[in-house]
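When we follow the working numbering, the leftmost residue of the sequence shown carries the number 3, and every step to the right adds one. The beta-carbon is built from N, C-alpha and C at its ideal position, and this holds for glycine as well.
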Amino acid sequence: MNLVFDCGNSMTKVGIFNSNNLIFFDRLSNFSKSYFQDLLLKNKKIKSVCVSNNSTFLSEIPNLCQTFNIKYLNLSDLTNLPISINYFPLESLGSDRIALAVGSTQFKGDKLIIDFGTCITYDLVIDNKFLGGQISPGFDVRLSSLNYSTSKLPKVTFDYVDKTIGNNTIDCMLIGIKDSILYEVDKVIEKYKKRYPNIKVIATGGNLNIIKNKIKNINFFHPHLLMEGLNYIIAFNEKT
């Protein structure tokens with residue numbers, strides 16, 4: 003079994019895989035040594051650990067893996083991958099985007115991966131090669147910038163408002179952010195489909211449920227794509 007950690011900017015997701023099957027999932031705001039030890043004691047068949055975005059949040063994991071005699075895979079630009087990467091400099095590419103690209107290989111053909119997190123990332127995998135893409139602010143980042151950059155707009159957490167016209171300030175902000183993202187995503191998909199007509203569009207990320215079924219031309223909604231990519235990277239490195 004493999005244990006994987008997806009370290010986002012606001013939350014860490016934990017997954018345990020038995021082969022290709024996700025058998026355990028959890029979300030953490032705070033990681034502790036006791037939490038990790040408890041996972042290992044309850045799942046004694048765990049053999050490998052892989053972490054996306056190796057932040058200080060999980061800095062104790064390598065030493066804990068050594069204590070429990072578990073293999074720790076440091077996802078870096080030196081990790082063996084089942085895809086090639088065309089990105090410069092390579093060390094500037096986030097490990098989360100690498101894991102997403104690897105996770106997308108379970109789908110045949112060329113892919114556009116859209117990750118709805120703190121930021122929205124758009125990544126292209128063409129002919130099994132990661133080409134890059136683009137990054138834009140996510141829902142709450144856009145809202146925070148309105149509050150930070152103005153004197154009167156309030157601090158608001160995103161909530162989907164099913165209106166066309168806002169008749170109060172908060173609704174006006176929420177509708178503006180909602181529409182800016184929905185229209186952005188539609189136009190980005192349209193742009194890439196003009197260049198790569200046969201791409202499959204995969205949506206994932208912590209804010210996936212906000213936009214699910216509200217954007218055209220998305221082929222797959224896949225909430226655990228990143229963790230599946232980490233699991234695949236472990237398996238691939240065990241073979242090579």
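Within 8 Å, strictly: CB atoms of residue i and residue j
{"i": "Cys121", "j": "Val143", "result": "yes"}
{"i": "Gly17", "j": "His226", "result": "yes"}
{"i": "Gly208", "j": "Leu102", "result": "no"}
{"i": "Gly135", "j": "Asp125", "result": "yes"}
{"i": "Ile87", "j": "Phe132", "result": "yes"}
{"i": "Leu41", "j": "Leu5", "result": "yes"}
{"i": "Leu114", "j": "Tyr194", "result": "yes"}
{"i": "Asn55", "j": "Ser97", "result": "yes"}
{"i": "Phe160", "j": "Leu145", "result": "yes"}
{"i": "Ile48", "j": "Ile72", "result": "yes"}
Whole-angstrom C-beta distance between residue j and residue i, which should lie under 8 Å
{"i": "Asn130", "j": "Ile85", "result": "5 Å"}
{"i": "Phe27", "j": "Thr14", "result": "Wrong, their Cβ atoms sit about 12 Å apart, outside the cutoff."}
{"i": "Lys180", "j": "Val163", "result": "7 Å"}
{"i": "Ile137", "j": "Val158", "result": "Between Val158 and Ile137 the Cβ distance is about 23 Å, and since that is not below 8 Å, they are no contact."}
Whole-angstrom distance between residue j and residue i, CA atom to CA atom
{"i": "Asn45", "j": "Ser153", "result": "52 Å"}
{"i": "Phe19", "j": "Gln39", "result": "17 Å"}
{"i": "Asn76", "j": "Cys52", "result": "6 Å"}
{"i": "Ile213", "j": "Leu24", "result": "24 Å"}
{"i": "Asn150", "j": "Ile236", "result": "Residue 150 is actually Tyr in this sequence, not Asn. Whole-angstrom Cα-Cα distance: 41 Å."}
{"i": "Ser182", "j": "Asn82", "result": "38 Å"}
{"i": "Ile217", "j": "Ile116", "result": "12 Å"}
{"i": "Tyr89", "j": "Phe238", "result": "21 Å"}
{"i": "Asn325", "j": "Ile177", "result": "Residue 325 is absent from the structure shown; the chain starts at 3 and stops at 242."}
{"i": "Tyr74", "j": "Lys35", "result": "16 Å"}
{"i": "Val187", "j": "Ile128", "result": "19 Å"}
{"i": "Leu95", "j": "Val104", "result": "14 Å"}
{"i": "Leu155", "j": "Pro139", "result": "18 Å"}
{"i": "Asp8", "j": "Gly119", "result": "12 Å"}
Cβ neighbour criterion (16 or more within 10 Å) applied to residue i
{"i": "Ile243", "result": "Because the chain here runs from 3 to 242, residue 243 falls outside it and cannot be looked at."}
{"i": "Ile167", "result": "exposed"}
{"i": "Tyr234", "result": "buried"}
{"i": "Thr69", "result": "exposed"}
{"i": "Leu60", "result": "buried"}
{"i": "Thr242", "result": "exposed"}
beta-carbon residue i near the ligand ZN non-hydrogen atom, thresh 7 Å
{"i": "Leu145", "result": "Because no ligand of any kind appears in the structure shown, any question about the ligand ZN cannot be addressed here."}
Cβ pair count under 8 Å reaching 3, the region 190 to 206 against the region 215 to 225: Because the criterion of three Cβ pairs below 8 Å is met, the region 190 to 206 and the region 215 to 225 touch.
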